[in-house]
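Right, one structure below, let's go through it.
Numbering (my numbering), first residue to last: 171 to 433.
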């Protein structure tokens, strides 16, 4: 059982929904992003989704693209991202960490080496958005053999014919993308998302977590209320980009987590 599995089991036993927070590693600096990361559990975050900066982030909207560009301009690398996780793990051995990114840096590193380093650093799961199920032998199956969850995205265009293939080797949780498009592009609406979550849950026992388009405590509560939890990324990254202090960003995160936990 991974930390992700254990966290969702504990949340289910407590009758609580999950709050997942996304931040970009190295944005605007290693020191600031590590300070923010260390503060997330205290702000009510159940699972941390850590972005690996990449030059061509095709699924991400402007807010997260710019965060990745700032991180890369500051010298952020895969090695430094793993070091950031190692540093976090010195004080926190429980909070699950999901690395979200793209396949190119992993392929360049070598899958076997990357998986060994990721697990050793303390990463629990992967979201690699540009590897479809047809490529599961590339990374998904090796990752699961290495003890990491491989989390797949389902979207509004994932129809009933496609969904079983998407779910086939998914583990940890299913990430449902609430809108068609890029991150931060539109607001998620619970009444539109609810039937899709129900459809997915009819075909899997995994938790279904909804992301994209959640920016307020109210939307976190409404979306978490029709799923097993929610993810907020662009809104948090945007707060940091606006120049707010880490403690102020964490206070904002706490309002979001409180919203999700009220659901």
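Idealized CB from N, CA, C, for every residue including glycine. The model shown is predicted, which means the values in this text are computed figures rather than measured ones.
Query raised in the report: Measuring CB to CB, does residue 327 end up less than 8 Å from residue 376?
Result: Going by C-beta atoms, residue 327 is not nearer than 8 Å to residue 376.
Query raised in the report: Between residue 389 and residue 411, which are expected to be in contact by the criterion C-beta below 8 Å, what is the C-beta distance as a whole number of angstroms?
Result: Contact flag wrong, Cβ pair sits at about 20 Å.
Requested in this report: Name the one or two DSSP bridge partners that residue 395 has.
Outcome: Among the bridge pairs identified by DSSP, residue 395 is matched with none.
Query raised in the report: For residue 292, is the classification buried or exposed, using 16 other Cβ atoms within 10 angstroms of its Cβ as the cut-off for buried?
Result: Buried: at least 16 other Cβ atoms inside 10 Å.
Report task. Could you tell me which of 212, 318, 217 sits nearest to residue 181, measuring between CA atoms? Result -> Minimum Cα-Cα distance from residue 181 among the listed residues 212, 318, 217 corresponds to 217.
**Report entry** Within 8 Å, strictly: CB atoms of residue 374 and residue 344
**Finding:** Annotated as proximal: residue 374 and residue 344, with beta-carbon spacing under 8 Å.
Query raised in the report: Is residue 254 helix, strand or coil by DSSP?
Result: Shown here, residue 254 sits in a helix according to DSSP, grouped into three states.
Query raised in the report: Should the stretch 194-209 be called in touch with the stretch 286-301, which here means at least 3 C-beta pairs below 8 Å?
Result: Segment contact: the stretch 194-209 against the stretch 286-301, fewer than three CB-CB distances shorter than 8 Å; contact not assigned.
Query raised in the report: residue 311 to residue 323, Cα distance in whole Å?
Result: One C-alpha to the other measures close to 16 Å.
Query raised in the report: residue 423 to residue 406, Cα distance in whole Å?
Result: Whole-angstrom Cα-Cα distance: 7 Å.
Query raised in the report: Hey, residue 419 and residue 398: beta-carbon distance below 8 Å or not?
Result: The criterion of a C-beta distance shorter than 8 Å is not satisfied by residue 419 and residue 398.
Query raised in the report: So, helix, strand or coil for residue 293, using DSSP?
Result: When DSSP states are grouped into helix, strand and coil, residue 293 belongs to the coil group.
Report task. Please work out which residues of its chain come closer than 6 Å, Cβ to Cβ, to residue 251, disregarding the five sequence neighbours upstream and downstream, and give them in chain order. Result -> Cβ within range, chain order: 195, 222.
Query - Residue from 210, 381, 235 whose Cα sits closest to the Cα of residue 321 - result: With distances taken between Cα atoms, residue 321 lies closest to 381.
Query raised in the report: In or out: residue 383 buried (at least 16 other Cβ within 10 Å) or exposed?
Result: Buried, by the Cβ-count rule.
Query raised in the report: By how many angstroms is the C-alpha of residue 333 removed from the C-alpha of residue 315?
Result: Cα-Cα distance, rounded: 23 Å.
Requested in this report: May I ask you to report which of helix, strand or coil DSSP gives residue 220?
Outcome: The answer is strand: DSSP assigns residue 220 an E or B state.
**Report entry** Strand pairing of residue 324, partner residues [DSSP]
**Finding:** DSSP lists 346 as partners of residue 324.
Query - Collapsed DSSP secondary structure at residue 188 in the structure displayed - result: In the structure shown, the three-state DSSP call for residue 188 is strand.
Query raised in the report: Among all the DSSP beta bridges, which residues are the ones paired with residue 269?
Result: According to DSSP, residue 269 bridges with 220, 296.
Query raised in the report: With a cut-off of 8 Å, do at least 3 Cβ pairs link the stretch 298-310 to the stretch 265-277?
Result: Yes, they touch.
Query raised in the report: Rounded to the nearest angstrom, how far is the Cβ of residue 336 from that of residue 303, given a contact under 8 Å?
Result: Sure, about 6 Å apart at Cβ, within 8 Å.
Query - Of the residues 266, 359, 396, the one placed nearest residue 214, counting alpha carbons only - result: If you compare the alpha carbons of 266, 359, 396 with that of residue 214, the shortest gap goes to 266.
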